[in-house]
Every structure is written in C-alpha cells, then in structure tokens.
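These protein sequences, in sequence, are chains U and Z.
The opening position of the first sequence corresponds to residue 1 in the numbering used here, with each subsequent residue numbered one higher.
The opening position of the second sequence corresponds to residue 1 in the numbering used here, with each subsequent residue numbered one higher.
For glycine and all other residues, C-beta sits at the position ideal for the given N, C-alpha and C.
Heads up, the thing below is written out as structure tokens.
Number of protein chains: 2
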Amino acid sequence: MSTKFNKNMSQKQSTKQRAARFKATRKQHRLETAEDYTELIADLIKQKGEARTCDIAKLKGVSHVTAIRAIRRVKELGYLNSEPRKPITLTKKGKKLAEFCKKRHELVVSLFIKLGVPQDIAEKDAEGAEHHISSKTLDAIEKYVKS
Amino acid sequence: MSTKFNKNMSQKQSTKQRAARFKATRKQHRLETAEDYTELIADLIKQKGEARTCDIAKLKGVSHVTAIRAIRRVKELGYLNSEPRKPITLTKKGKKLAEFCKKRHELVVSLFIKLGVPQDIAEKDAEGAEHHISSKTLDAIEKYVKS
DNA sequence: GTTGACATGTAGCCTAAGCTACATTAATCT
DNA sequence: AGATTAATGTAGCTTAGGCTACATGTCAAC
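Now the structure itself:
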C-alpha cells in the first residue's frame with residue numbers, strides 16, 4: 001500500500017537523519033578538547049605572556065597529567081607547538097581557532113544575558129553549549145545580539 | 001603590596017571559577033548519554049508502542065553493542081527497566097527526565113528558529129547544545145520564544 | 001519441525017579522558 | 001653548593017563510548 005510505503009520510507013529517513021545528528025554531535029565532542037585548550041592557551045599568553053602546562057591544568061580543573069596528554073593531542077591536530085619543558089605557543093591555525101572560539105563564547109553569553117539570564121549562569125551554560133553552535137546559528141545569534 | 005595582593009586573589013578566584021565551569025560541563029557530558037537514551041526510548045514507546053534495543057541503536061547511530069552497554073548504565077542510574085530480550089520501559093524517574101528533555105529540545109529549537117536559523121540546522125545544533133542549558137536559562141528561553 | 005533472518009548477547013579490542021604515585025628537571029633560597 | 005619547592009614527565013590504573021567478530025535466542029514461513 002502506498003500509504004504504508006510512504007510512512008515507512010519517511011520513518012526510515014527520519015531515523016537516518018536523527019542518527020546523523022547524533023553522529024555530528026559526537027564528532028563535535030571530540031573537537032571540544034582541542035577548542036577548550038586552544039582558547040585557554042590564547043588567554044594565558046595574552047594575560048601572562050606565556051602558557052605553561054600547570055596553569056592550563058589549573059584553569060581546566062584537571063590534573064597536570066591529563067593536561068599534558070590533551071596538549072599532546074591538540075598538538076597532533078596542528079593547533080599548537082610544544083617542546084618538553086617549554087611554554088606552549090599556538091600555530092597560525094590555533095590562533096585562528098582561539099579567536100573564533102572566543103567570539104563564539106562571547107556571542108552565546110551575550111545571547112543568554114540578553115534573554116535575561118544572570119551573568120554567572122550564562123557563562124556556565126555557554127561553556128558547554130557553545131561547542132555545538134554552527135556558524136549559521138552563530139550568525140543568527142550575532143544579528144539578534146547586536147540588534 | 002595591596003594592589004598585587006588583590007590582583008593575585010582575584011586571579012586565583014577567577015581561575016577557580018573557570019575550573020568549576022569546566023568541571024560542571026564534564027559532569028553534564030556524563031549525563032548526556034542517559035538523557036539521550038531516555039528521550040529516545042520515550043519516543044519509541046510513543047511511536048511504536050515499545051522500545052527495542054536494535055531500534056534504539058539505529059536511531060542513535062551506534063552499533064547494537066554500544067547501545068546495550070549504554071542502556072545498562074542508564075538502567076543503573078534508575079531511569080529504565082530492562083530484562084534480557086524484553087522491550088525496555090521507563091521508570092517514573094525516566095519518564096520525568098524524558099519529558100523534561102523533550103521540552104528543552106523543543107524550546108532550544110524554537111529559539112534558534114525564532115532567531116532565523118533554518119529548521120534542520122536548528123535541530124542539529126540543539127542536539128548538542130541543549131544538554132548544557134540549565135533550567136534558569138531554559139526559563140529565559142521560554143519567555144522569549146513565547147513572547 | 002527445520003531453516004533462515006533478525007534480535008540480542010558476549011568477548012575482546014581501541015581511544016579519550018580522568019586519576020594517583022613516583023621520577024626527574026629547574027629554579028630559588030639560604 | 002646543597003636543599004627545598006614547584007613544574008614537568010612517566011607508569012599504570014579506571015571508566016565511558018566506540019568498534020568487529022562470533023554465539024545464542026526467537027520467530028515466522030515453508
């Protein structure tokens with residue numbers, strides 16, 4: 001029956017679409033670490049002149065071991081340079097990413113604040129949510145925030 | 001020097017605050033699986049009358065093995081009942097969670113759409129972002145969406 | 001009542017992100 | 001210079017979330 005056929009097809013389709021969304025979210029999660037560390041390092045360099053492992057670990061709220069290993073992976077992704085016992089620097093790619101992340105963070109926080117959320121909660125919620133905001137949505141947020 | 005002292009103190013404070021935000025985000029990530037599966041199961045029960053492992057795996061876009069193990073953990077958290085080779089049901093706690101997640105998802109999607117984001121992108125971005133939206137921020141979003 | 005298909009379960013592997021405990025290097029302070 | 005402290009690195013463990021390959025259960029259709 002055509003009705004049933006169509007229903008089944010559309011169900012299958014929406015299953016696929018939904019699965020694709022979940023997959024995209026998981027992919028984004030794998031990038032979160034890189035984004036967080038890169039942004040943190042940019043901040044430290046701006047504020048202190050250099051980014052050292054122990055400060056990164058403190059800021060991130062993890063053990064220095066966890067930080068060391070995360071930094072190694074972010075390095076492998078090409079966002080930073082690090083040599084043993086030397087402060088960390090960002091590559092061009094890393095600087096770009098940090099800039100984008102900072103802007104995105106600020107826009108999401110601004111959005112929440114404009115909606116009436118208190119600053120501290122806006123910061124906390126933005127921290128997790130921002131990584132999943134695509135550039136199209138970001139554009140829309142920017143328009144609203146600046147209107 | 002008092003100035004330096006205060007600067008150090010406030011820096012330390014903000015480091016702690018920032019670390020706390022990251023920790024909260026990590027904690028939220030650990031709950032994401034539970035939220036996703038619970039919501040998915042509620043959907044399946046509503047649509048098909050029952051929730052079976054293989055359908056959950058398909059919807060989530062993972063292997064059935066991954067689904068089985070995730071379901072076991074969500075069960076341990078008290079959100080669902082599952083017995084070998086039987087369809088899964090939600091506990092009272094699970095039903096409540098599913099309801100909250102559904103509402104939250106819809107509100108976040110509505111927010112993005114109201115900001116001018118196309119439906120499909122809104123859905124995709126909401127999928128990842130929604131888990132990090134606190135109830136206070138959700139209230140603010142609700143007010144805006146319904147205004 | 002067998003067969004075949006699909007659902008479910010088990011074994012065992014990988015990577016990421018977390019940890020503690022211990023080792024080493026560097027810097028600072030008598 | 002030697003001792004202390006702080007930073008960095010290594011070893012080795014855990015848990016969560018992925019996977020494939022193989023084993024078993026269930027059910028329907030012949």
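List, in order along the chain, the chain Z residues whose C-beta lies closer than 7 Å to that of Tyr148 of chain U? Because chain U in this structure spans residues 1 to 147, residue 148 of chain U falls outside the shown range and cannot be described.
Beta-carbon proximity of Lys124 of chain U to Arg104 of chain Z, cut-off 8 Å: As a first step, residue 124 of chain U must be located in the first sequence, where it is residue number 124. As a first step, residue 104 of chain Z must be located in the second sequence, where it is residue number 104. Not in contact: Lys124 of chain U and Arg104 of chain Z (Cβ atoms no closer than 8 Å).
Decide if the stretch 55-70 of chain Z is in contact with the stretch 114-124 of chain Z; the criterion is three or more beta carbon pairs, one per stretch, under 8 Å apart. By the Cβ criterion, the stretch 55-70 of chain Z is not in contact with the stretch 114-124 of chain Z, since fewer than three pairs of Cβ atoms, one from each stretch, lie closer than 8 Å.
Beta-carbon spacing of Ala98 of chain U, Glu50 of chain U below 8 Å: Locating residue 98 of chain U in the first sequence gives position 98, where the first residue counts as 1. Locating residue 50 of chain U in the first sequence gives position 50, where the first residue counts as 1. Cβ distance not < 8 Å, so Ala98 of chain U and Glu50 of chain U don't count as in contact.
CB contact flag (Ile140 of chain Z, Gly78 of chain U, <8 Å): Within the second sequence, numbered from 1, the residue matching residue 140 of chain Z stands at position 140. Within the first sequence, numbered from 1, the residue matching residue 78 of chain U stands at position 78. Correcting the residue type first, residue 140 of chain Z is Ala in the shown sequence and not Ile. Note that the C-beta distance between Ala140 of chain Z and Gly78 of chain U is not below 8 Å.
Have a look at Lys48 of chain Z and Ile41 of chain U and give me their C-alpha separation to the nearest angstrom. By one-based count along the second sequence, residue 48 of chain Z stands at place 48. By one-based count along the first sequence, residue 41 of chain U stands at place 41. Roughly 49 Å separates the two Cα atoms.
Just how far apart, CA to CA, sit Val65 of chain U and Ser82 of chain U? Position 65 of the first sequence, counting from 1, holds the residue named residue 65 of chain U. Position 82 of the first sequence, counting from 1, holds the residue named residue 82 of chain U. Linking Val65 of chain U to Ser82 of chain U through their CA atoms gives a straight-line distance of about 15 Å.
Residues of the stretch 16-33 of chain Z in Cβ contact with chain U at a cutoff of 9 Å, in chain order, please. Within the stretch 16-33 of chain Z, the residues whose Cβ lies closer than 9 Å to some Cβ of chain U are Lys16, Gln17, Arg18, Ala19, Ala20, Arg21, Phe22, Lys23, Ala24, Thr25, Arg26, Gln28, His29, Glu32, listed in chain order.
Consider the Cβ of Thr137 of chain Z: report whether some Cβ of chain U lies at a distance smaller than 8 Å. Residue 137 of chain Z sits at position 137 when you count from the first residue of the second sequence. Yes, Thr137 of chain Z counts as interfacial toward chain U.
Taking C-alpha atoms, which residue in U:His132, U:Lys27, U:Cys101, U:Pro118 lies nearest to Lys136 of chain Z? Within the second sequence, numbered from 1, the residue matching residue 136 of chain Z stands at position 136. Among U:His132, U:Lys27, U:Cys101, U:Pro118, the Cα nearest to that of Lys136 of chain Z belongs to U:Pro118.
Tell me whether the beta-carbon of Gln28 of chain Z lies closer than 8 Å to the beta-carbon of His132 of chain Z. One-based indexing of the second sequence puts residue 28 of chain Z at position 28. One-based indexing of the second sequence puts residue 132 of chain Z at position 132. Yes; because the gap between Cβ atoms is below 8 Å, this pair is in contact.
Under the three-state reduction of DSSP, which class applies to Leu107 of chain U: helix, strand or coil? Along the first sequence, read from residue 1 onward, the residue named residue 107 of chain U stands at position 107. Note: Leu107 of chain U maps to helix in three-state DSSP.
Between the C-alpha atoms of Ala126 of chain U and Lys102 of chain U, what's the straight-line distance to the nearest angstrom? Position 126 of the first sequence, counted from the start, is the residue given in the question as residue 126 of chain U. Position 102 of the first sequence, counted from the start, is the residue given in the question as residue 102 of chain U. Taking the straight line joining both Cα atoms gives about 11 Å.
Beta carbon of Val108 of chain Z, beta carbon of Glu130 of chain Z: below 8 Å? Reading the second sequence from its first residue, position 108 is the one you call residue 108 of chain Z. Reading the second sequence from its first residue, position 130 is the one you call residue 130 of chain Z. Annotated as proximal: Val108 of chain Z and Glu130 of chain Z, with beta-carbon spacing under 8 Å.
Could you spell out where the alpha helix (DSSP H) holding Ala122 of chain U opens and where it closes? As a position in the first sequence, residue 122 of chain U is number 122, starting the count at 1. Unbroken alpha helix (DSSP H) run through Ala122 of chain U: 119-129.
Reducing DSSP to helix, strand and coil, say where Ile71 of chain Z ends up. Indexing the second sequence from 1 puts residue 71 of chain Z at position 71. DSSP, read as helix, strand or coil, puts Ile71 of chain Z in helix.
Using a Cβ cut-off of 8 Å (strictly closer), state whether His64 of chain U contacts chain Z. Stepping through the first sequence from its first residue, residue 64 of chain U is reached at position 64. No, no contact with chain Z.
Could you please give the first and the last residue of the uninterrupted alpha helix (DSSP H) stretch that includes Glu50 of chain Z? Position 50 of the second sequence holds residue 50 of chain Z. Glu50 of chain Z -> no alpha helix (DSSP H), and no H or E assigned at all.
With a 10 Å radius around its C-beta and 16 neighbouring C-beta atoms as the bar for buried, classify Lys90 of chain Z as buried or exposed. Within the second sequence, numbered from 1, the residue matching residue 90 of chain Z stands at position 90. What sits at residue 90 of chain Z in the sequence shown is Leu, not Lys. So Leu90 of chain Z ends up on the buried side.
Once you ignore the five residues that flank Cys54 of chain Z on each side, which residues in its own chain have a CB closer than 6 Å to its CB? What you label residue 54 of chain Z is simply residue 54 of the second sequence in a count that begins at 1. Closer than 6 Å at Cβ, skipping near neighbours: His64.
Contact criterion: CB-CB distance below 8 Å. Does Ala140 of chain U meet it with respect to chain Z? What you label residue 140 of chain U is simply residue 140 of the first sequence in a count that begins at 1. For Ala140 of chain U, the answer is yes, since a Cβ of chain Z falls inside 8 Å of its Cβ.
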